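Novice:
In our numbering, the protein residues as written are 78 to 249.
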């Protein structure tokens, strides 16, 4: 059985025990600026709360440690097509919230020019249902932080923003 609910800035699709999260944002910045924000470790440290290492080529690796939560994510880069697409596996190491980790996820960042804007589409696939539903508001909050970062505005507190949008995703 599959259900699909549209959420402001996101779509959550549940099929069996797995979830796909898809977000689309229209950003007021050139594609190169957005590309740098999602692939440069210095930029990721600001809005994504991540100490990141990216071996930038197909077959390379990513290694993110979330500086706020301690989540450790690794994976192989499956798509590297600057400045249009960046895809990688999303393996979460075991931790207190996920004692068995989350070994099957993947994420793809796709960028498309739209005049002076960029359409950013972020798609998480292969997440287990409990993890995907937990990630939905958090991913929404991170994308809000990305937008604020690009605008040189104050970044919303991730935990507060996650709590504020959680209700949009509870209907799942």
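In this text, a Cβ means the ideal position worked out from N, Cα and C, and glycines have one as well.
All figures in this text were calculated on a predicted structure; none of them were measured in a lab.
Ordered along the chain, which non-local residues of its own chain (more than five positions away) have a Cβ less than 8 Å from that of residue 227?
Specialist: If you number the chain shown from 1, residue 227 lands on position 150. These residues qualify, in order along the chain: 104, 105, 106, 110, 111, 114.
Novice: Thinking C-beta only, is residue 102 closer than 8 Å to residue 126?
Specialist: As a first step, residue 126 must be located in the chain shown, where it is residue number 49. As a first step, residue 102 must be located in the chain shown, where it is residue number 25. No, Cβ-Cβ distance for residue 126 and residue 102 is not below 8 Å.
Novice: Looking at C-alpha atoms only, which residue of 117, 91, 129, 100 is the closest neighbour of residue 187?
Specialist: As a working mapping, residue 187 is identified with position 110 in the chain shown. The option with the nearest alpha carbon to residue 187 is 100.
Novice: So, at 7 Å on beta carbons, what are the nonlocal neighbours of residue 231 in its own chain, with the 5 sequence-adjacent residues on each side left out?
Specialist: Counted from its first residue, the chain shown places residue 231 at position 154. Excluding residues within five positions, the ones whose Cβ falls inside 7 Å are 225.
Novice: Quick one, are the C-beta atoms of residue 202 and residue 183 less than 8 Å apart?
Specialist: Here residue 202 is taken as the residue at index 125 of the chain shown, counted from 1. Here residue 183 is taken as the residue at index 106 of the chain shown, counted from 1. It is a contact, given that the beta carbons lie within the stated cut-off.
Novice: Please report the residue range of the alpha helix (DSSP H) in which residue 237 lies.
Specialist: Locating residue 237 in the chain shown gives position 160, where the first residue counts as 1. Start and end: 235 to 246.
Novice: Taking DSSP's pairing of strands, which residues face residue 194 in a bridge?
Specialist: The residue labelled residue 194 in the question sits at position 117 within the chain shown. Its beta-bridge partners are 191.
Novice: Cβ atoms of residue 160 and residue 196: under 8 Å apart, would you say?
Specialist: Here residue 196 refers to the residue found at position 119 of the chain shown. Here residue 160 refers to the residue found at position 83 of the chain shown. Not in contact: residue 196 and residue 160 (Cβ atoms no closer than 8 Å).
Novice: What's the C-alpha gap between residue 163 and residue 174?
Specialist: Translated into positions along the chain shown, residue 163 becomes position 86. Translated into positions along the chain shown, residue 174 becomes position 97. If you take the alpha carbons of residue 163 and residue 174, they lie about 27 Å apart.
Novice: DSSP on residue 83, reduced to helix/strand/coil?
Specialist: The count along the chain shown starts at 1 and reaches residue 83 at position 6. In this prediction, residue 83 scores a pLDDT of 44, lower than 50, which makes its location untrustworthy; the coordinate-derived value is nonetheless stated afterwards. Residue 83: strand per DSSP, three-state reduction.
Novice: If I follow the unbroken alpha helix (DSSP H) through residue 221, where does it start and stop?
Specialist: As a position in the chain shown, residue 221 is number 144, starting the count at 1. Residue 221 -> alpha helix (DSSP H) spans 206 to 227.
Novice: Along the alpha helix (DSSP H) that carries residue 116, what are the first and last residues, could you check?
Specialist: For this step, residue 116 is matched to residue 39 along the chain shown. Element bounds for residue 116: 108 to 116.
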